[in-house]
Amino acid sequence: MNGRFSMVRAAQGLVAASMLLAGATGALAQERFSLFVPSAQPTVERLVKLARIQDNDVVVDLGSGDGRIVLTAARDNPKVRGWGVDINESLVRQSNEAAKKQGVADRVQFYHRNVFDADIRDVTVINMWLFPELMRLLRPKILAEARPGTRVLTHLFDMGSWQADEWDKEAGSSVGLWIVPAKVEGYWSWQSTINGIPFTHDAILEQRFQMAEGVTRAGNRRGILQNVRLRGEDFSFSVEMTLDGVGLTRHDFAGKVNGDQIKGTVKVSTPDGKNVELPWLARRTTTTAYFRPTGVETK
Ligand SMILES: C[S@@+](CC[C@H](N)C(=O)[O-])C[C@H]1O[C@@H](n2cnc3c(N)ncnc32)[C@H](O)[C@@H]1O
């Protein structure tokens with residue numbers, strides 16, 4: 049049976065089963081998700097392709113079924129390692145046997161484990177094709193535990209309000225890629241010297257998944273971050289604002305977020321036609337000068 053229709057039919061059955069289970073215990077409530085429908089092999093190939101798997105990737109499948117996704121990734125690249133977890137013990141056994149048969153058991157293992165207990169801190173690619181409710185329940189775990197830049201893939205279903213970074217669209221079987229974003233929300237500060245004048249920037253960033261926006265202050269001038277782009281740990285934006293003693297200045301920032309630091313470069317264009325590229329080091333701060341009194345100009 050075609051994977052999509054069987055999964056959709058299964059989802060319809062799930063609603064009825066959920067109603068019956070409404071009064072069940074927490075343990076039972078999780079069991080109701082444990083339905084096995086394998087992804088069709090052409091879909092597996094598209095998932096692996098969209099993940100752009102490279103040497104040294106660690107590819108996992110949360111709810112690995114018969115192991116086909118991790119096994120396909122390992123077959124395609126001998127430098128890839130991977131593992132899967134499944135709640136169904138006989139599928140886990142079958143997957144480990146397949147790994148042995150295909151000669152990849154040294155690089156690929158399957159465990160009888162609940163997806164919520166999987167350690168995803170050191171993986172680079174996460175596949176999952178579970179009912180939307182279960183993927184929604186797993187979303188905070190992925191965003192909290194997986195490293196920025198981890199590629200998350202699924203098909204047919206989505207991640208709710210966390211928009212995909214890319215889709216490989218095909219009627220009835222779209223495959224999606226989500227990239228775990230670095231955490232940039234909060235207060236940041238950095239220094240720069242332009243035309244010999246030192247400036248301290250105090251920025252405030254707001255974030256929802258990979259969507260970020262922000263504002264910054266230098267002296268008594270403020271500017272809005274434009275063209276903000278956050279993809280994994282790669283973060284860039286531009287700011288056009290007047291700097292006292294310099295004039296209207298354009299900044300193009302690009303860097304990598306690493307915990308409480310962002311390191312990169314800023315291209316600065318000043319009104320006298322100068323273009324310079326400077327190192328950029330932003331640090332997370334607990335308080336911000338953004339809110340300090342601004343005052344009014346006196347004649
Ligand atoms: C739709 S199948 C997908 C199998 C495989 N990922 C694929 O795409 O071919 C979902 C799998 O998730 C497993 N599963 C469901 N709930 C789980 C849970 N809470 N923990 C671990 N595995 C689970 C099921 O046993 C089933 O094998």
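Residues in the sequence shown are numbered from 49 upward in steps of one, following the working numbering.
All C-beta atoms, glycine included, are put in the ideal place defined by N, C-alpha and C.
Just to confirm the assignment, what range does the alpha helix (DSSP H) spanning residue i have?
i: P180; result: 180-193
i: T202; result: Counting along the chain, T202 falls outside any alpha helix (DSSP H), though it belongs to the beta strand (DSSP E) covering 199-203.
i: I117; result: 116-124
i: T91; result: 89-98
Sort the options by Cα distance to residue i and report the nearest one.
i: T333; options: W238, T198, E261; result: W238
i: E233; options: V223, E254, K217; result: E254
i: G303; options: D320, T290, D292, R277; result: R277
i: A137; options: R155, S112, K148, L273; result: Looking at the sequence shown, residue 137 is not Ala but Glu. The option with the nearest alpha carbon to E137 is S112.
i: N306; options: N162, W236, D134; result: W236
i: R116; options: R100, L98, Q150; result: Q150
i: G132; options: W177, N275, S284; result: W177
i: N162; options: T202, Q142, R155, L185; result: L185
i: M207; options: L110, L182, T342; result: L182
i: T295; options: K311, D320, T172, T336; result: Looking at the sequence provided, one finds Gly at residue 295 rather than Thr. Answer by Cα proximity: D320.
i: R187; options: E214, W226, S222; result: W226
Which stretch, first to last residue, makes up the beta strand (DSSP E) that contains residue i?
i: A330; result: 323-333
i: Q239; result: 234-242
i: D300; result: 295-306
i: T290; result: 282-291
i: N144; result: N144 -> not in any beta strand (DSSP E); alpha helix (DSSP H) instead, spanning 137-149.
i: L278; result: 274-279
i: N162; result: Unbroken run through N162: none, as it is neither H nor E.
Rounded to the nearest angstrom, how far is the Cβ of residue i from that of residue j, given a contact under 8 angstroms?
i: D250; j: R269; result: Incorrect: roughly 11 angstroms between the Cβ atoms, too far for contact.
i: V96; j: D170; result: The Cβ separation is near 20 angstroms, so there is no contact.
i: M259; j: G271; result: Between G271 and M259 the Cβ distance is about 19 angstroms, and since that is not below 8 angstroms, they are no contact.
i: P196; j: A230; result: 4 angstroms
i: A212; j: G224; result: 4 angstroms
i: V108; j: V118; result: 7 angstroms
i: H203; j: S87; result: 7 angstroms
i: D216; j: R340; result: The Cβ separation is near 48 angstroms, so there is no contact.
Give me, in chain order, the residues of the same chain whose beta-carbon lies closer than 8 angstroms to that of residue i; leave out the 5 immediate sequence neighbours on both sides.
i: I190; result: I168, I174, T198, V200, V228
i: D308; result: R331, R332
i: D103; result: N125, K127, V128
i: F247; result: Q239, S240, T241, A266, G267, L291
i: Q142; result: D114, G115
i: I101; result: V107, A121, D124, N125, V128, V173
With which residues is residue i paired in a DSSP beta bridge?
i: I245; result: I242
i: A260; result: Q255
i: L225; result: L201, E214
i: V106; result: R129
i: M176; result: L110
i: I310; result: V305, A330
i: R269; result: A266
Counting only the same chain and skipping the five closest in sequence on each side, list residues whose C-beta sits under 7 angstroms from that of residue i.
i: D300; result: S286, V314, K315
i: I326; result: Per the sequence presented here, residue 326 reads as Leu, with Ile not at that position. Cβ within range, chain order: S240, T313, V314, V316.
i: E193; result: I168, R169
i: G74; result: Unreliable placement is indicated for G74, whose pLDDT of 47 sits below 50; the coordinate value is still reported in the next sentence. Hits under 7 angstroms: none found.
i: E145; result: none
i: E261; result: E254, L273, V276
Considering only residues of the same chain and omitting the five flanking positions on each side of residue i, which have a CB-CB separation below 6 angstroms?
i: H160; result: E137, V140
i: D165; result: none
i: I245; result: G293
i: R155; result: A122, R129
i: A147; result: A153, V156
Measuring only from the beta carbon, is residue i closer than 7 angstroms to any heavy atom that is part of ligand 3?
i: D216; result: As presented, the structure is devoid of ligand 3, carrying ligand 1 as its sole ligands.
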